[in-house]
Amino acid sequence: MEEVVRLGISAVLLAGLYSVMAYGLGLIYGVLRIVNLAHAGVIMAAAYVTWLLHSRLGIDPYLAIPVILVVFFIFGVLLYKGVVRFLPRGAAGGVQSLLLLFGIWLVMRNGAYLLFSGNDRAIRTEYSTHSISIFGTSVAQSRVVVFVIAVLTLAALHLFLTRTYTGKAIRAVAQNPDSGTIVGVNVERFYALTFGIGTSLGGLAGLLLATIFAFNPTSGAVELLKSFVVVVLGGLGSVVGIALGALVLAFAESYAILILPSYLTAAVSFVLLVVVLVLRPGGLFGQRVLA
Amino acid sequence: MSRLLEGEKVSKHFGGLKAVDAVDFYLSEGEILGLIGPNGAGKTTLFSVVAGSIPPSAGLLLLDGKQMSGWNAHRIVHAGVCRTHQIVRPFARLSILENVMVGAFYGGKRAKRAKTMRRAHEQGIELLDFVGLRERAARFPSELTLAGRKKLEVARALATRPRVLLLDEVVAGLNPVESQKMVELIRGVRDRGVSIIMIEHVMKAVMGLSDRVMVLDYGKKIAEGNAEQVAANPEVVAAYLGQEA
Amino acid sequence: MRQLTRWLPEWASPWAVVAFVFGFAVLYSLPLVISFDSYTHGIITQAFVFAAAAMAWNWLGGYVGQISFGHAAMFGVGGFLSARLLLTTSFPFWIAWIVGGLAAASYALLWGHPTLRLRGPYFAIATIGVSEATRLIATYWGDFTGGSSGISLPISEGTAKFSLYWYALYFMAFVVLLSYYLRKSRIGLGLLAIKEDVDAAQDVGVSANYYQDAVLFLSGLVVGVAGGIYASYFVFIEPGDMFGFERSISFLLMGVIGGVGTILGPVLGAFVFVILQEYLIASYPDLYLGLYGTLLIVVILFEPLGLSGLLLRIARLFGYRPRVLDITVGDTKLTAMEEPEAVEPPESDVEPARKEAKA
Chain A
294 MEEVVRLGIS AVLLAGLYSV MAYGLGLIYG VLRIVNLAHA GVIMAAAYVT
344 WLLHSRLGID PYLAIPVILV VFFIFGVLLY KGVVRFLPRG AAGGVQSLLL
394 LFGIWLVMRN GAYLLFSGND RAIRTEYSTH SISIFGTSVA QSRVVVFVIA
444 VLTLAALHLF LTRTYTGKAI RAVAQNPDSG TIVGVNVERF YALTFGIGTS
494 LGGLAGLLLA TIFAFNPTSG AVELLKSFVV VVLGGLGSVV GIALGALVLA
544 FAESYAILIL PSYLTAAVSF VLLVVVLVLR PGGLFGQRVL A
Chain B
2 MSRLLEGEKV SKHFGGLKAV DAVDFYLSEG EILGLIGPNG AGKTTLFSVV
52 AGSIPPSAGL LLLDGKQMSG WNAHRIVHAG VCRTHQIVRP FARLSILENV
102 MVGAFYGGKR AKRAKTMRRA HEQGIELLDF VGLRERAARF PSELTLAGRK
152 KLEVARALAT RPRVLLLDEV VAGLNPVESQ KMVELIRGVR DRGVSIIMIE
202 HVMKAVMGLS DRVMVLDYGK KIAEGNAEQV AANPEVVAAY LGQEA
Chain C
882 MRQLTRWLPE WASPWAVVAF VFGFAVLYSL PLVISFDSYT HGIITQAFVF
932 AAAAMAWNWL GGYVGQISFG HAAMFGVGGF LSARLLLTTS FPFWIAWIVG
982 GLAAASYALL WGHPTLRLRG PYFAIATIGV SEATRLIATY WGDFTGGSSG
1032 ISLPISEGTA KFSLYWYALY FMAFVVLLSY YLRKSRIGLG LLAIKEDVDA
1082 AQDVGVSANY YQDAVLFLSG LVVGVAGGIY ASYFVFIEPG DMFGFERSIS
1132 FLLMGVIGGV GTILGPVLGA FVFVILQEYL IASYPDLYLG LYGTLLIVVI
1182 LFEPLGLSGL LLRIARLFGY RPRVLDITVG DTKLTAMEEP EAVEPPESDV
1232 EPARKEAKA
């Protein structure tokens, strides 16, 4: 029973991180109809940048958040303006954008390998080993902080998407891609902005990830898959849907440890993906991901 | 006139929205049935359900008295019911002839499908000739005007050897000359022995062509009869006026 | 030539057949005329096997438009099953390969059937998960795969190994024929229709689910057999290599370099890939992923049809105009020259207000 509670708590804490990384992917997919495979590279790269800032300049990972957000926002905008913009969209163009962004991911991976070698890295701060007690179980403090940051980010995102004009436009397009042109919005700027926001969310996810787990240049692949699972589960409509999707995935993974050998838990997210696609192609919550 | 296609209490719900609500309808052999109604009345949804693009929430669909609700789109095409799309959907990177050949190869009963390239070519050319696109057979759909693409949509559907053709607004958006040609084309299709249900906003076309007209509003059938009866029906008038106001 | 035409199925053009027979004869007699050292021999055999796998990848990625990032899963299943069969039974090579291939194809169907039914990028993403999950399972299932230390096959250098060149050639030749058939026959037209617009294809009677499943099955079969031949030739296999992410990307890359959706492009891509791998990556082993990535980016941005597109461009400089199709009916002859590049369907003239509430 204690084990169940402990796993439950860790699942909830993990879900925060999952929501952040999934929202970045979902936002770009919703608006541009492009699956940003480079998302995996962004998560990985952000982890390394955070590590660099910490180990070389002594900047605390949590204080590095604004830096990461800005850097990866700019990276996203440049990526959009530099290459993605030139690709055809929609059904026929899907293949091309998929392959191109995949290529960018590979280059990023190789770059990280050359710069940092293939060894695992981890960020150790003086509070890394601190833990706090929730409902009688001891939880790593960093996980709680990550959760709080994730929730704050999602809340801010929710306000942005529901209160601001640009945010509303993003949501409208994500929910109904058929609406086509966005009245009164400079479409190209709008797309670049969306790509930037999505990428900076990926960057934030990478930073948060780096404070909890070890990482190497191949990191991000599993996170990409998990993000996609969350998007499929939660739909593209709302922050709440994504959060619910993340919870489902996190719980499934956490409790899988009770019944599966540990090396198989990595397959849980994938099995969940297939099961959900077959049973509820529209996602568990909210509207369909794809027409 | 025997009843070729029949629907009993056909319904389609999207969440709480009843897009099509317990609609009964039938189509007789050789008949043209007009389907009208204000925007959002559920006409295209009804087509999608009949063509198998989306499964019905409830109700029965019968072809020749045989149950076919819940079948996949391609199976319904094989049985002899084919639809066109309101917003035309040609295969953009296939030539016009190849577009039609797809229908010839894959539509209708297995025994009647084109087995060879030559046969599909011939059938394709014959149909393109029929709709007036023969000269453009080797070109691509993107090079056609809207009228041309609508004709291609009809030719491709006809290539599947349908007994029932579902035409979704093939006249709308055409200029008067093109409209007139399309109306003649639809008559020609009927003369080939194909029964037709057509959704149409252009009243002149639908009233002139249809043997019978059915009116949908908010997913429900509100009137049925010949053109004069329907036009005089107060509920229909109200539905359209409500729409305009 | 006319005599030949009458004997051939419709989808095979007589010139293609002549070219095929000629090419086959040359490749068949090559090792008899020139004596290869075992290194060259290995490279060419490998290229044949990879060419077949790349064409199989292209059936899904190019003909149907479903990109797979996970073909290594089938390559590994086919390879390990054949290896086990060769170790524990006295089956001839080819039976072990086919059994391995069939197992790989069934495995492909198992996860592909549900994911192929959905439109959009689901399939592509699912393949990343499949290949990752398969690799993990294979690595930990040491009894079957030998775990991270792999397994060795009892095949000695010499005539048996030498003969694999021809086996690989037969295999590639067969896959070339199948590639032609899948593109040029009526099935090819159906697949193109599915690639263009699944819904519209179903609405004219193409059973999209059936054809996509069938193509995936065939693709898995060929890649599985490729895995079997590869295992037989290289004698030692281990899960990290057979099931690895890099393996999946290699198939994708061969297809993309050669030309996605073309018939013979992947063969070209496979040969270029093998040469790159042997001469470039061997010298700079740290750079291969970046090189793969750069190649992908360059191809997609500048020549989406890869080497095939490049060759076509060069041919056009010399005045070559590809005929898309010739139609002669009665006394009218209609010829379409050159496919328009990346046709954008024109804007619909039907005003959006007319759109009804749809799904």
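Residue numbers (our numbering), protein chains in the order written: chain A, 294 to 584; chain B, 2 to 246; chain C, 882 to 1240.
All C-beta atoms in this analysis are idealised placements derived from N, C-alpha and C, irrespective of residue type, glycine included.
Note that the structure is a prediction, hence the values are computed from the model and not measured.
Query: I want to see whether chain A comes within less than 8 Å of T1175 of chain C, judged by CB atoms only; does it?; Result: yes
Query: For R1067 of chain C and chain B, any beta-carbon pair shorter than 8 Å?; Result: yes
Query: Apart from the five residues just before and just after K44 of chain B, which ones in its own chain have a Cβ nearer than 6 Å to its Cβ?; Result: L36, G38, I200 and L217
Query: Of all the alpha helix (DSSP H) runs that stay within the bounds of the segment 410-461 of chain A, which reach a length of 4 or more residues?; Result: 434-456
Query: Are the beta-carbon atoms belonging to V525 of chain A and I535 of chain A less than 8 Å from one another?; Result: no
Query: Take S396 of chain A as the anchor and find which of C:I1181, C:W1022 and C:S971 has the nearest alpha-carbon.; Result: The residue you asked about is not Ser; residue 396 of chain A is Gly in the sequence shown. Ranking C:I1181, C:W1022 and C:S971 by Cα distance to G396 of chain A puts C:I1181 first.
Query: For the beta strand (DSSP E) containing V82 of chain B, list its first residue and its last residue.; Result: V82 to R84
Query: Does any residue of chain B bring its CB to less than 8 Å from the CB of V1087 of chain C?; Result: yes
Query: For G1071 of chain C, return the contacting residues in chain B, with the cut-off set at a CB-CB distance below 7 Å.; Result: V103, F106 and Y107
Query: Compute the distance between the beta-carbons of D1084 of chain C and S54 of chain B, then report whether it is under 8 Å.; Result: yes
Query: On the premise that H332 of chain A lies in contact with S520 of chain A, defined as a C-beta separation below 8 Å, what is that separation, rounded to the nearest angstrom?; Result: 7 Å
Query: Show which residues of chain A have a CB atom less than 7 Å away from the CB atom of L1168 of chain C.; Result: N403
Query: Is any beta-carbon of chain B found at less than 8 Å from that of D1084 of chain C?; Result: yes
Query: Considering Y27 of chain B, what are the terminal residues of the beta strand (DSSP E) in which it resides?; Result: L18 to S29
Query: For a quick check, are the C-beta atoms of F1152 of chain C and A928 of chain C less than 8 Å apart?; Result: yes
Query: Is there a Cβ of chain A sitting closer than 8 Å to that of T996 of chain C, yes or no?; Result: yes
Query: Tell me, which residues are paired with A224 of chain B by DSSP?; Result: B:V216
Query: Could you give the distance in angstroms between the alpha-carbon of F1124 of chain C and the alpha-carbon of F1055 of chain C?; Result: 25 Å
Query: Kindly indicate the opening and closing residues of the alpha helix (DSSP H) around I126 of chain B.; Result: M118 to V132
Query: Please list, in chain order, all residues of the same chain as H952 of chain C whose beta carbon is under 6 Å from its beta carbon, the five residues on each side excluded.; Result: W938, V1104, S1129 and F1132
Query: So what does DSSP say about D1024 of chain C, is it helix, strand or coil?; Result: helix
Query: To the nearest angstrom, report how far apart T511 of chain A and M337 of chain A are at their CA atoms.; Result: 8 Å
Query: Give me the residue from B:T117, B:L175, B:D130 and B:A20 with the minimum Cα distance to V50 of chain B.; Result: B:A20
Query: Shortest alpha-carbon distance to F106 of chain B belongs to which of B:R119, B:R94 and B:L47?; Result: B:R119
Query: Would you please verify whether the beta carbon of R157 of chain B is less than 8 Å from any beta carbon of chain C?; Result: yes
Query: Use the C-beta contact count for S1088 of chain C: other C-beta atoms within 10 angstroms, 16 or more gives buried, fewer gives exposed.; Result: buried
Query: Between the C-alpha atoms of H14 of chain B and S58 of chain B, what's the straight-line distance to the nearest angstrom?; Result: 6 Å
Query: Using three-state DSSP, classify G1142 of chain C as helix, strand or coil.; Result: coil
Query: Anyone know if the C-beta pair for D1167 of chain C and Y406 of chain A falls short of 8 Å?; Result: yes
Query: Are any of the Cβ atoms in chain C nearer than 8 Å to that of L128 of chain B?; Result: no
Query: Considering just the uninterrupted stretch of the alpha helix (DSSP H) at R188 of chain B, what are its terminal residues?; Result: P177 to D192
Query: Y1021 of chain C touches chain A at which residues, Cβ-Cβ below 7 Å?; Result: Y556
Query: Spell out whether any CB of chain B is found under 8 Å from the CB atom of A1074 of chain C.; Result: yes
Query: Taking just the CA atoms, how far does M102 of chain B sit from V1179 of chain C?; Result: 36 Å
Query: Suppose only complete runs of 4+ residues qualify. What are the alpha helix (DSSP H) ranges in the segment 523-555 of chain A, listed by chain order?; Result: 532-552
Query: Have a look at L566 of chain A and L542 of chain A and give me their C-alpha separation to the nearest angstrom.; Result: 9 Å
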